Amino acid sequence: KKTFEGDQVLRITAKNEAQIFLLKELSEQEHLGLDFWREPVHESLPVDVYVPFHSLQAVRVFLRYNQIQYNVMIMDVQDLLDDEEREMVKYRT
Amino acid sequence: IPRSTDDFVYTAYHDLNSIYSFMDMLVAENSNLVSKIVIGQSYENRPLNVLKFSTGANRPGIWFDTGIHSREWVTQASGIWFAKKIVTDYGRDPVLTDILNNYDIFLEIVTNPDGFAYTHSRDRMWRKTRKPNSGSSCVGVDPNRNWDAGFGGGGSSSNPCTETYRGPSAHSEPEVKAIVDFVKSHGKLKAFVSIHSYSQMLLYPYGYTSTPAKDKAELHELAKKAIASLQSLYNTRYTYGSIITTIYQASGGTIDWTYNQGIKYSYTFELRDTGRYGFLLPADQIIPTAEETWLALMAIMEHTRNNPY
Numbered sequence: 119k120k121t122f123e124g125d126q127v128l129r130i131t132a133k134n135e136a137q138i139f140l141l142k143e144l145s146e147q148e149h150l151g152l153d154f155w156r157e158p159v160h161e162s163l164p165v166d167v168y169v170p171f172h173s174l175q176a177v178r179v180f181l182r183y184n185q186i187q188y189n190v191m192i193m194d195v196q197d198l199l200d201d202e203e204r205e206m207v208k209y210r211t
Numbered sequence: 014i015p016r017s018t019d020d021f022v023y024t025a026y027h028d029l030n031s032i033y034s035f036m037d038m039l040v041a042e043n044s045n046l047v048s049k050i051v052i053g054q055s056y057e058n059r060p061l062n063v064l065k066f067s068t069g070a071n072r073p074g075i076w077f078d079t080g081i082h083s084r085e086w087v088t089q090a091s092g093i094w095f096a097k098k099i100v101t102d103y104g105r106d107p108v109l110t111d112i113l114n115n116y117d118i119f120l121e122i123v124t125n126p127d128g129f130a131y132t133h134s135r136d137r138m139w140r141k142t143r144k145p146n147s148g149s150s151c152v153g154v155d156p157n158r159n160w161d162a163g164f165g166g167g168g169s170s171s172n173p174c175t176e177t178y179r180g181p182s183a184h185s186e187p188e189v190k191a192i193v194d195f196v197k198s199h200g201k202l203k204a205f206v207s208i209h210s211y212s213q214m215l216l217y218p219y220g221y222t223s224t225p226a227k228d229k230a231e232l233h234e235l236a237k238k239a240i241a242s243l244q245s246l247y248n249t250r251y252t253y254g255s256i257i258t259t260i261y262q263a264s265g266g267t268i269d270w271t272y273n274q275g276i277k278y279s280y281t282f283e284l285r286d287t288g289r290y291g292f293l294l295p296a297d298q299i300i301p302t303a304e305e306t307w308l309a310l311m312a313i314m315e316h317t318r319n320n321p322y
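Those protein sequence lines, which keep their order, are chains A and B.
Residue 119 is where the first sequence starts when you use our numbering, and the numbers rise one by one after that.
Residue 14 is where the second sequence starts when you use our numbering, and the numbers rise one by one after that.
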């Protein structure tokens with residue numbers, strides 16, 4: 119079963135079309151293993167991106183270097199999944 | 014194991030077997046109102062079950078589906094709640110009763126069962142179907158890019174390793190083809206609502222083209238009314254509009270196809286949540302989500318009943 123320890127979901131707020139363009143470029147970097155839960159489309163819409171632990175540093179550096187604002191929406195994906203699993207087991211029991 | 018749908022825990026997420034058992038229980042308890050039809054089989058040979066709520070023969074129909082993207086668990090959970098709500102309210106809520114006295118309601122709770130089973134067993138974040146792609150090690154197709162509506166255009170991918178892979182051809186996925194065949198053979202569906210999560214939107218066609226739908230004005234007004242109704246419960250903020258103007262270009266989408274088939278009231282929902290949990294919405298938010306969504310679905314159904322075409 120795939121696990122997600124240390125993986126995060128970032129909420130990114132682009133402030134202009136140029137930053138949206140940069141985020142689209144980022145989304146094409148297949149080796150990072152990113153999963154855009156909300157895609158970069160327009161600066162009026164937030165962008166949510168799932169980032170595997172091994173790519174976190176690279177993504178953060180990219181965002182900071184390009185002065186793109188972000189905050190951590192989910193600190194550790196596996197923590198949430200563990201909570202979810204516990205809830206399901208509780209009801210099954 | 015719950016013995017009846019009254020014992021079923023609506024505040025928890027359930028696996029595929031539990032959901033299919035729930036459907037069977039609901040049918041057994043309400044055989045005068047509910048039946049189960051199997052519209053096809055998934056790639057991995059799971060039945061594609063649809064609940065049919067009907068009080069008479071040869072009625073026009075209203076379609077709801079949840080869970081076409083398997084990881085969007087709040088949608089399947091909401092679908093379960095809708096099913097129970099329909100049987101509970103029939104005969105009590107005069108509006109729903111009148112709708113059901115004139116229309117059949119079809120509800121496909123797990124539209125992508127292979128993907129859903131996979132989210133429970135292997136990868137909680139799986140979105141697509143589970144059919145292998147020849148010539149690629151990547152599995153699955155985005156079933157919301159696989160419809161014959163601008164298929165292959167912008168806002169879908171030809172790369173099997175992406176989340177928006179459109180598939181080799183329109184309706185290549187059995188989960189999609191089954192609905193296509195059902196819609197065509199039924200011939201009298203008047204509303205079609207496909208339910209996703211999580212960016213809190215109610216959207217109408219088109220996604221593949223910026224040409225406005227010919228019924229845009231009416232669809233927009235109805236969306237506004239439905240969202241006002243939804244917001245009246247918990248003040249959840251929703252936006253609404255056409256797919257291409259509200260989020261992005263998306264080709265091969267479900268409701269673009271249904272609209273082009275003549276189903277005027279074609280909508281797609283994006284349920285909660287935004288900004289906190291994404292696809293990992295905690296189970297304690299299932300019922301509030303379903304409750305508020307139901308109000309919008311009622312608005313769409315009521316409008317459909319009041320505006321026959």
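All residues carry an ideal CB built from backbone N, CA and C; glycine is no exception.
The model shown is predicted, which means the values in this text are computed figures rather than measured ones.
Chain A within 9 Å of residue i, Cβ atoms only
i: Pro295 (chain B); result: yes
i: Phe292 (chain B); result: yes
i: Ser134 (chain B); result: yes
i: His27 (chain B); result: yes
i: Val22 (chain B); result: yes
i: Met138 (chain B); result: yes
i: Arg158 (chain B); result: no
i: Tyr251 (chain B); result: no
i: Ile260 (chain B); result: yes
i: Glu57 (chain B); result: no
i: Gly288 (chain B); result: yes
i: Tyr211 (chain B); result: yes
i: Thr121 (chain B); result: The question names Thr, yet the displayed sequence has Glu at residue 121 (chain B). Not one chain A Cβ lies under 9 Å of Glu121 (chain B).
Proximity of residue i and residue j at Cβ, strictly below 9 Å
i: Phe66 (chain B); j: Leu46 (chain B); result: yes
i: Arg105 (chain B); j: Asp127 (chain B); result: no
i: Tyr266 (chain B); j: Arg158 (chain B); result: Note that residue 266 (chain B) is Gly in the sequence shown here, rather than Tyr. Yes.
i: Glu283 (chain B); j: Leu235 (chain B); result: no
Minimum C-alpha distance to residue i - residue among the options
i: Gln126 (chain A); options: A:Thr211, A:Lys208, A:Leu150; result: A:Leu150
i: Ile390 (chain B); options: B:Ala239, B:Ser264, B:Ile81; result: Because chain B spans 14 through 322 in this model, residue 390 (chain B) falls outside it and cannot be assessed.
i: Phe292 (chain B); options: B:Pro181, B:Arg59, B:Arg84, B:Ala226; result: B:Arg84
i: Gln175 (chain A); options: A:Gly124, A:Glu157, A:Asp200; result: A:Gly124
i: Val165 (chain A); options: A:Ser173, A:His172, A:Gln137; result: A:Gln137
i: Lys120 (chain A); options: B:Asp111, B:His82, B:Asp136, B:Ala96; result: B:Asp136
i: Ile112 (chain B); options: B:Val100, B:Glu121, B:Val123; result: B:Val100
i: Leu310 (chain B); options: B:Thr18, B:His27, B:Asn320, B:Ser207; result: B:Ser207
i: Ile122 (chain B); options: B:Ser134, B:Asn115, B:Ala96; result: B:Ala96
i: Asp297 (chain B); options: B:Val189, B:Val22, B:Tyr211, B:Asn58; result: B:Val22
i: Phe119 (chain B); options: B:Ser149, B:Trp139, B:Ser185, B:Lys201; result: B:Lys201
i: Gln213 (chain B); options: B:Leu243, B:Val154, B:Glu231, B:Gly220; result: B:Leu243
i: His133 (chain B); options: A:Glu202, A:Asp197, A:Lys208; result: A:Glu202
i: Pro181 (chain B); options: B:Pro321, B:Gly53, B:Phe164; result: B:Phe164
i: Glu157 (chain A); options: B:Thr177, B:Leu39, B:Asp28; result: B:Thr177
i: Glu143 (chain A); options: A:Asp194, A:Thr211, A:Asn184, A:Leu198; result: A:Asn184
i: Val154 (chain B); options: B:Glu305, B:His82, B:His316, B:Leu64; result: B:His82
i: Val195 (chain A); options: A:Leu140, A:Arg182, A:Ala132, A:Asp153; result: A:Asp153
Short CB-CB distance (under 9 Å) between residue i and chain B
i: Phe129 (chain A); result: Per the sequence presented here, residue 129 (chain A) reads as Arg, with Phe not at that position. By this cut-off, Arg129 (chain A) is an interface position.
i: Val190 (chain A); result: no
i: Glu143 (chain A); result: no
i: Lys133 (chain A); result: no
i: Glu157 (chain A); result: yes
i: Met206 (chain A); result: yes
Residue i: first and last residue of the uninterrupted alpha helix (DSSP H) it sits in
i: Thr306 (chain B); result: 299 to 319
i: Val63 (chain B); result: From DSSP, Val63 (chain B) is part of no alpha helix (DSSP H) but of the beta strand (DSSP E) over 60 to 66.
i: Asp269 (chain B); result: 267 to 273
i: Thr259 (chain B); result: 256 to 259
Boundaries (first-last residue) of the beta strand (DSSP E) holding residue i
i: Ser145 (chain A); result: Unbroken run through Ser145 (chain A) is the alpha helix (DSSP H), 135 to 145; no beta strand (DSSP E).
i: Ser279 (chain B); result: 278 to 284
Cβ-heavy atom distance, residue i to the ligand NAD, below 8 Å
i: His149 (chain A); result: For the structure depicted, the ligand NAD is absent and the ligand set is empty, with no information on it obtainable.
Extract the residue ranges of the alpha helix (DSSP H) inside the region 204 to 245 of chain B, only unbroken runs of 4 or more that lie entirely within it. none
In chain order, each beta strand (DSSP E) run of at least 3 residues that lies wholly inside the region 169 to 201 of chain A: 187 to 192
Any chance you could list the alpha helix (DSSP H) runs of at least 4 consecutive residues sitting entirely within the region 110 to 191 of chain B, in chain order? 126 to 134
Residue ranges of each beta strand (DSSP E) run of no fewer than 3 residues wholly in the region 26 to 108 of chain B, ordered along the chain? 47 to 54, 60 to 66, 74 to 79
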